[in-house]
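Input: a single structure, listed below in structure tokens.
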DNA sequence: TCCATTGTGGACCATTTAGTCCAGAATGTG
DNA sequence: CACATTCTGGACTAAATGGTCCACAATGGA
């Protein structure tokens, strides 16, 4: 993360955020270990030196990408919820979005990273836990807002989050779309929104 | 897979099934890419040549390990169900066992393999799908046996399987055990077995 | 127009990777 | 005992890995 507080020098010829996005994309599709530096420099169109100057190392880049994805996901769901005045409508929209299909079968980037790396990378495991907790908290708040009491709301939120992550695995295995749909329906049923 | 239909020669000095189990263990803990051949030969106590003679390649070994794990898991759950005469009791036991904790946080081997490899390895993706379907079918049968009708039973089975896989991800992120417990409770609640 | 400063391309490096190969050891059979 | 057959250890290889380095290009300020 080079910060330019300086007074001269050649300006950077690429957008670091765009490059981060491109890199995220590769990690998302191929996973961490299976992504080589050649893959990354090709995807970002960066030379090796620019790459290392900008991101430090492959692992640091992955952590950046993770944070970026998790933040965006959380923000998106929060924004989606805020589009609805009715708490139940908000909840329905969020649950649908979370379980819903992506065009391809790349699943959820967080799930991918957690499953591949958490056991051997405590820092990423911590990020994973934080993401899960944050999403659970968001769900819990929506659930309480429509009147469900705390202990049950917490339990329901955790269950919905579990369903979301399980769906991501289903999707990676290319399980039939109807199956995902019926899981989604059950999830809404849990909230009496069937 | 060396089959000895021959008439002489030095007998094999190791048990292939034991070696397969040891290898499975490493893959389970570290994932596929992160497991090196040195890891495997150390874990199995095999020399490189014996290793290749016995298993062909790293990838073939993984596929063997996958089949072995999936078969054992399915067989275990089936056996567990058969210990109970009452369909509801069987269902409760199976769901508990599926969502339940392992001593460490290694999660479910199938989930690990699917998430890491399915997008780039169609053969493994197929094995993954087959495993999911088989487990869903087992659950569905138990659910119908206690009286629930087909379309709903199918949907519930898929949902329980999703919860199982999601739980495995939670576990890899070392989410608090209470959270898992409450998810388990919700799962049983879905079946009116709360 | 210099010059300090920063970015860039590509050669380079040590290490690790999955996989091969062969000489020799161990065994059952005749 | 001798032999055919199989197993085994470890040296070896070619390729790929993540990461470093440096000469040079590009830029803005004085």
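Residue numbers (UniProt numbering), protein chains in the order written: chain W, 1 to 194; chain E, 1 to 194.
Where is the CB? At the ideal position from N, CA and C, for every residue including glycine.
Residue i and residue j closer than 9 Å at C-beta
i	j	result
residue 11 of chain E	residue 105 of chain W	no
residue 162 of chain W	residue 174 of chain E	no
residue 165 of chain W	residue 169 of chain E	yes
residue 193 of chain E	residue 80 of chain E	no
residue 37 of chain E	residue 64 of chain E	no
residue 95 of chain W	residue 191 of chain W	yes
residue 70 of chain E	residue 131 of chain E	yes
residue 160 of chain E	residue 171 of chain E	no
residue 113 of chain E	residue 32 of chain E	yes
residue 27 of chain E	residue 109 of chain E	yes
residue 150 of chain E	residue 87 of chain E	no
residue 78 of chain E	residue 152 of chain E	no
Neighbour list for residue i in chain W, Cβ cutoff strictly below 7 Å
i	result
residue 118 of chain E	172 and 173
residue 125 of chain E	173 and 174
Element boundaries [alpha helix (DSSP H), containing residue i]
i	result
residue 69 of chain W	58 to 82
residue 174 of chain W	Careful: residue 174 of chain W lies outside any alpha helix (DSSP H) and carries neither H nor E.
residue 148 of chain W	No alpha helix (DSSP H) holds residue 148 of chain W; DSSP gives it neither H nor E.
residue 33 of chain W	First-last for residue 33 of chain W: undefined, no H or E at that position.
residue 55 of chain W	48 to 55
residue 110 of chain W	109 to 117
residue 88 of chain W	87 to 99
Cβ neighbour criterion (16 or more within 10 Å) applied to residue i
i	result
residue 187 of chain E	buried
residue 182 of chain E	buried
residue 82 of chain E	exposed
residue 140 of chain W	buried
residue 15 of chain E	exposed
residue 154 of chain E	buried
residue 3 of chain W	Confidence is the limiting factor: at residue 3 of chain W the pLDDT is only 36, short of 50, which leaves the residue's position unreliable, though a coordinate-based value still follows. Per the 10 Å Cβ criterion, exposed.
residue 18 of chain W	exposed
residue 75 of chain E	exposed
residue 116 of chain E	buried
residue 54 of chain E	buried
residue 128 of chain W	buried
residue 45 of chain W	exposed
residue 107 of chain E	buried
residue 5 of chain W	Since pLDDT at residue 5 of chain W reaches only 40, below the 50 mark, its modelled position is unreliable, and the value read off the structure follows with that caveat. Exposed: under 16 other Cβ atoms inside 10 Å.
residue 136 of chain W	buried
residue 29 of chain E	buried
residue 125 of chain E	buried
residue 43 of chain W	buried
Amino acids of chain E, ordered along the chain, whose beta-carbon sits closer than 8 Å to that of residue i
i	result
residue 182 of chain W	154, 155, 158 and 159
residue 165 of chain W	165, 166, 169 and 170
Chain E residues whose Cβ lies nearer than 9 Å to that of residue i
i	result
residue 102 of chain W	Residues of chain E passing the Cβ test: none, with the nearest at roughly 12 Å.
residue 106 of chain W	119
Contact test: residue i Cβ vs the ligand MG heavy atom, cutoff 8 Å
i	result
residue 81 of chain E	This structure lacks the ligand MG, and indeed carries no ligand of any kind.
Chain-ordered neighbours of residue i on chain E, where CB pairs are closer than 7 Å
i	result
residue 128 of chain W	173
Partners in chain W for residue i, counting only beta-carbon separations shorter than 8 Å
i	result
residue 111 of chain E	115 and 169
residue 185 of chain E	155
What residues in the segment 143 to 163 of chain E bring their beta carbon closer than 8 Å to a beta carbon of chain W?
154, 155, 156, 158, 159, 161, 162 and 163
If contact means a Cβ-Cβ distance below 9 Å, which residues of the UniProt domain "HTH tetR-type" (13 to 73) of chain E contact chain W?
Shown in chain order are the members of the UniProt domain "HTH tetR-type" (13 to 73) of chain E whose Cβ falls below 9 Å from a Cβ of chain W: 29, 30, 31, 32, 33 and 34.
For the segment 82 to 103 of chain W, which residues have a beta carbon sitting closer than 8 Å to at least one beta carbon of chain E?
none
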